[in-house]
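Asker: One structure is given below, represented as structure tokens, and several questions about it will come after.
There are 2 protein chains.
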Amino acid sequence: MEEKAKFRFAVMGAGHISHKFCDAVSLIDECEITAIASRDLKKARKVAHKYGIAAAYDSYEQMLIDEKPDAVYISVTTNAHYDLAMLCMAHDTPILCEKAMFRSACEAEDVFRHSKEQGIFAMEAMWSLFLPNIRQARQWIEEGKIGDITLGRFDIGFQAEKNPKNRFYNPDLGGGACYDILVYAYDILTWLIGQPVQGTSVQAVYTNDGVDKTDIVQLEFPDCMGVLTATFEANLGDQEQAVVYGSRGKIVIPHAHHGKECCLYVEGEEPVTWKDDKTINGFVYEIQEVMSCIERGEIESSTVPHEMTMRTSLLFDKIYE
Amino acid sequence: MEEKAKFRFAVMGAGHISHKFCDAVSLIDECEITAIASRDLKKARKVAHKYGIAAAYDSYEQMLIDEKPDAVYISVTTNAHYDLAMLCMAHDTPILCEKAMFRSACEAEDVFRHSKEQGIFAMEAMWSLFLPNIRQARQWIEEGKIGDITLGRFDIGFQAEKNPKNRFYNPDLGGGACYDILVYAYDILTWLIGQPVQGTSVQAVYTNDGVDKTDIVQLEFPDCMGVLTATFEANLGDQEQAVVYGSRGKIVIPHAHHGKECCLYVEGEEPVTWKDDKTINGFVYEIQEVMSCIERGEIESSTVPHEMTMRTSLLFDKIYE
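Going line by line, the protein sequences match chains A and B. This note's numbering numbers the first residue of the first sequence as 1 and each following residue consecutively. This note's numbering numbers the first residue of the second sequence as 322 and each following residue consecutively.
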């Protein structure tokens, strides 16, 4: 019996995050990484060597031409996502693109139009939505454990090194709290609440270079509110969490963008803490989603649909209007 | 040597909160309550009996005429504050008025204009600003313990009994989360941060009667942001707190509108918890402020100036515009 061919990923970018992706792929039998490209060939070769990747390129396009991968993982900084996504579209190649996928609604519209017209899969790497503790929290909400939702909040923040040249603060690298962390807050909270967002209001504080360093977003849902806080200027510590309040209780998710726990508090009952003790690398689930969607011939994920990315892109437009 | 005459308060309203005020006055040697009035004479008599108050009235005006108190404490529900404040102004009587003092900027302007023109003291009973733990927190901020402030937040909320006739939800009694609890969040956080508010954005959820049950407010300061959450629909529990983040650390004040603690976290140092172990009744300090301001011939408190009440009244206008 012939073994089913492995799903072949290629990786664009050889920075920190590419390592986590390569590590995740190594945990999944059904896929492999066949090539990695970076403008800095040495960096690409280093990652290739570490993870046993056959080919390293200094040209993204050459990699697409030579390798014809089943999908590309775009792991470069946000500023370069649009160009590489369009390059992949030009080569009919499906993409999983690091968050924030785009800097503006205009970029998002363009890529998703190509995705739809050409029937090519495209998804933002919002890996947290696939984490077991986030899934458990949403299940509790859907089961009505906390009754009707009245309020949701998501707080995320740390003190980024105050260097105008780093990826947090450098506008040329797509720096900004909205791209780096607010995107988590928006996607995870709206996904948990599962209701349409009817109104959004944003206030931000900017650096002298015009990069947003603190964002506060109010979300209006049909019968509840949400509030998101994202900052590069405060170590939130224990206060970095998502909380969904309901008429009968609340759900607390510590460090909700990368955590392993969720806690259910129902009035009159003992609190329940649910712990994810099986996840080794949280990227595994989104990678499985990509493979499964592409195998089914879909152009988007139902968990991270184009529309979700469009909404955060519109939010970025509000912050940078 | 003749004993200095005691400062003579009269109380309008005989509900729950009037008891706490009477109790506080009983702890201060230099003042007394000489009369209490309620539309329900039985209630007034009950409080008078409990606290040894000489006179009980069913007419607010008659009490002012007969007693000529040094100041009146207005403890009725918010809907009636304006009329009683104007009545006191008409009788040249200084006032301490429960929060929220007014329902709209229009009411506030009117009373404060009279206060200024006639030289009569008027102050909102924002007692929390005088609490030792809040003072300690502000002192830490002024001393630069947490460096430059980057973000402030204030969360306050509980599940109010869902009865459209109670003081929380009944518009005829001045119900609404903004009047009952948001006012604390706004005043305490802005006072702690001590910077001018340059922009305010509000989103609220309303009951079918049009009463706000959840409010989220973004505050823009010169170089930081604030976010306030106030709700009648969620028991915030441990998350009911004020937190001020700075470049070097943070200050956390649990249940900041009536708490006794504040905690200082400075990076690289052991956390410090400051506990107020002397306060018996938190209203004492605001009462001392009223007496001291009136004795000095002032028409407003520098801690709770008219302008502070004007700003929250303008905020209410935004919520009810």
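For each residue, glycine too, the CB sits at the ideal point set by N, CA and C.
CB-CB under 7 Å to V532 (chain B), same chain, minus the five flanking residues each way: which ones, in chain order?
Answerer: Closer than 7 Å at the Cβ level, and outside the excluded window around V532 (chain B), lie Y490, P492, G496, G497.
Asker: From the DSSP output, in three-state form, read off E61 (chain A) for me.
Answerer: Three-state DSSP puts E61 (chain A) in a helix.
Asker: Roughly how far, in whole angstroms, is the beta-carbon of H435 (chain B) from the beta-carbon of M410 (chain B), given that I think they are within contact range, below 8 Å?
Answerer: Correct: roughly 4 Å between the Cβ atoms.
Asker: Closer than 9 Å between beta carbons: that is the criterion. Which residues of the stretch 509-520 of chain B meet it against chain A?
Answerer: Answer in chain order: G520.
Asker: Cβ of L417 (chain B) versus every heavy atom of the ligand SAH: is any distance shorter than 8 Å?
Answerer: Inclusion of the ligand SAH in the displayed structure is not the case, the ligand content being empty and no account of it being possible.
Asker: If we cut at 9 Å on Cβ distances, does D501 (chain B) have a partner in chain A?
Answerer: Not an interface residue.
Asker: Starting from A555 (chain B), find everything on chain A with Cβ-Cβ shorter than 9 Å and list it in chain order.
Answerer: The answer, in chain order, is T150, L151, V243, Y245, G246, S247, K250.
Asker: Does any residue of chain A bring its CB to less than 9 Å from the CB of I537 (chain B)?
Answerer: Closer than 9 Å to some Cβ of chain A, the Cβ of I537 (chain B) qualifies, so yes.
Asker: Would you say T231 (chain A) lies against chain B (beta-carbon separation less than 9 Å)?
Answerer: Closer than 9 Å: yes.
Asker: What residue range is occupied by the uninterrupted alpha helix (DSSP H) comprising T309 (chain A)?
Answerer: Its alpha helix (DSSP H) spans residues 306-319.
Asker: Is there a C-beta anywhere in chain A that falls below 9 Å from the one on C583 (chain B)?
Answerer: Chain A, which has no Cβ nearer than 9 Å to the Cβ of C583 (chain B), makes this no.
Asker: Over the uninterrupted alpha helix (DSSP H) stretch that includes L408 (chain B), give me the two end residues.
Answerer: Element bounds for L408 (chain B): 402-411.
Asker: Classify R45 (chain A) as helix, strand or coil using the three-state DSSP reduction.
Answerer: DSSP places R45 (chain A) in helix when its eight states are reduced to three.
Asker: Using the rule of at least 16 other Cβ atoms within 10 Å of the residue's Cβ for burial, across every protein chain shown, is A242 (chain A) buried or exposed?
Answerer: Burial call: buried.
Asker: Hey, V538 (chain B) and L513 (chain B): beta-carbon distance below 9 Å or not?
Answerer: Taking 9 Å as the Cβ cut-off, V538 (chain B) and L513 (chain B) do not qualify as a contacting pair.
Asker: Taking the Cβ atom as the reference point for each residue, do M123 (chain A) and E295 (chain A) lie within a distance shorter than 9 Å?
Answerer: No, the Cβ-Cβ distance between M123 (chain A) and E295 (chain A) is not below 9 Å.
Asker: Can you find a C-beta in chain B that's less than 9 Å from the C-beta of Y265 (chain A)?
Answerer: Interface residue, yes.
Asker: Check the DSSP bridge columns for Y586 (chain B) and list the partner residues they point to.
Answerer: The partner list for Y586 (chain B) (beta bridge, DSSP) reads B:K571.
Asker: Please report the distance separating the alpha-carbon of Y505 (chain B) from that of E554 (chain B).
Answerer: Using only the alpha carbons, I get a separation of about 17 Å.
Asker: Taking 9 Å as the CB-CB cut-off, is D638 (chain B) touching chain A?
Answerer: With 9 Å as the cut-off, D638 (chain B) does not count as an interface residue toward chain A.
Asker: Tell me the DSSP bridge mates of A375 (chain B)?
Answerer: The partner list for A375 (chain B) (beta bridge, DSSP) is empty, contrary to what the question assumes.
Asker: Q609 (chain B) CB to nearest chain A CB: under 9 Å?
Answerer: Q609 (chain B) does not count as touching chain A.
Asker: Tell me which residue opens and which closes the beta strand (DSSP E) that S292 (chain A) is part of.
Answerer: That residue, S292 (chain A), is in no beta strand (DSSP E); its alpha helix (DSSP H) goes 284-295.
Asker: Using beta-carbon positions only, say whether A446 (chain B) and V393 (chain B) come within less than 9 Å of one another.
Answerer: Their beta carbons are not under 9 Å apart, which means A446 (chain B) does not touch V393 (chain B) by this criterion.
Asker: Any idea what DSSP makes of T398 (chain B), helix, strand or coil?
Answerer: Reduced to three states, the DSSP call for T398 (chain B) is coil.
Asker: Can G348 (chain A) and D148 (chain A) be called in contact, C-beta distance under 9 Å?
Answerer: A query on residue 348 (chain A) cannot be resolved here, the shown segment of chain A reaching from 1 to 321 and no further.
Asker: Hey, A24 (chain A) and A54 (chain A) are a contact pair by Cβ (cut 8 Å); roughly how many whole angstroms apart?
Answerer: Not really, about 18 Å apart at Cβ, beyond 8 Å.
Asker: Taking 9 Å as the CB-CB limit, is E322 (chain A) close to chain B?
Answerer: Nothing can be reported for residue 322 (chain A): it is not among the residues displayed for chain A, which extend from 1 to 321.
Asker: State the DSSP-derived secondary structure class of C97 (chain A), mapped to helix, strand or coil.
Answerer: DSSP places C97 (chain A) in strand when its eight states are reduced to three.
Asker: Of all the beta strand (DSSP E) runs that stay within the bounds of the stretch 107-132 of chain A, which reach a length of 3 or more residues?
Answerer: Taking only runs of at least 3 residues, the beta strand (DSSP E) segments lying wholly in the stretch 107-132 of chain A are 122-124.
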